[in-house]
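Working notes, beginning with the structure itself.
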Amino acid sequence: MLVTVLAVLAFAAFRAVTRDNEPTPVRAVDYVAVARMARADKQLLVVTPEKLPTGWSATSATYTRGAAPAWHLGMLTNDGKYVGVEESQSTVQDLAREHVDVDAQRGKDVTIAGQTWQTWTDTGGDYAVARSLRSGGTGAESLLVVGTAPDQEIRDLAATLTGGRRLAG
821 MLVTVLAVLA FAAFRAVTRD NEPTPVRAVD YVAVARMARA DKQLLVVTPE KLPTGWSATS
881 ATYTRGAAPA WHLGMLTNDG KYVGVEESQS TVQDLAREHV DVDAQRGKDV TIAGQTWQTW
941 TDTGGDYAVA RSLRSGGTGA ESLLVVGTAP DQEIRDLAAT LTGGRRLAG
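Numbering (the working numbering), first residue to last: 821 to 989.
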C-alpha cells in the first residue's frame, strides 16, 4: 500500500513540474461570414457592429434557423470582459430573462444613437441594453446587448450595430 501511495505522489509531483500551464489563447471567429449566411435566411436583421472596437475579438457567432430564428455574437473586450449580441423574435423581456438572469431587473431607459433602449441588470453584475426592432423578415424582433464589460462600453457597442441597413425603432 505504501509503495502505491509513493508511486502516485511521485507521478503527481512529476506532472506538476512538467505540465504546460500556459493559458489557452482565445480563438477569434469570422463573425462577418456567419452574419452574411444568416442574413441570407431573411428571418432576422442579424445585427453586427460596423467594426469591432480596438482590441476586441469575436469569439463566437451562431445563427439558428427555423421557427424560432436566433442570432448570437459573443465578443471579448481588450480587458477580457464579455459582451454578447442576442437577437430573436422573442420579446425583450424574454431575451433579458434568458441572457441576463431569470430575475433580471429593468432599469431606466437610455438613449443610444437617437433610439430608446431598455436597461436590464442582475445581482451578478451583468448589464444589458435592449429594444424591439422592425425587421425585414417576419416582423417584430428583439435585440439585446449584454455583458460584464462596463455599462458605457456596452452602450457604445450598441450604438454601432447595423443589420445591413440602419435599425428602425
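Glycine included, every Cβ here is placed at the ideal spot set by N, Cα and C.
Asked	Found
Where does residue 972 fall in DSSP's three states?	helix
Can you check which of these residues, 859, 948, 972, is closest to residue 963 by C-alpha distance?	948
By alpha-carbon positions, which one of 870, 884, 978 ends up nearest to residue 861?	884
Which of helix, strand or coil does DSSP assign to residue 888?	coil
Under the DSSP definition of a beta bridge, which residues are partnered with residue 880?	894
In whole angstroms, what is the alpha-carbon distance linking residue 961 and residue 903?	20 Å
Below 7 Å CB to CB, which residues in the same chain sit around residue 906 once its five sequence neighbours on both sides are set aside?	892, 915, 919, 964, 966
State the DSSP-derived secondary structure class of residue 951, mapped to helix, strand or coil.	strand
Rounded to whole angstroms, what's the CA-CA distance from residue 858 to residue 878? Just pull it up for me.	16 Å
By alpha-carbon positions, which one of 849, 897, 927 ends up nearest to residue 976?	897
Do you know how far the Cα of residue 929 is from the Cα of residue 1046?	Here the chain has residues from 821 to 989 only, and residue 1046 is not among them.
Kindly indicate which three-state DSSP category residue 870 falls into: helix, strand or coil?	coil
When the Cα atoms are used, what is the spatial distance from residue 851 to residue 946?	23 Å
Quick check on DSSP: helix, strand or coil for residue 981?	strand
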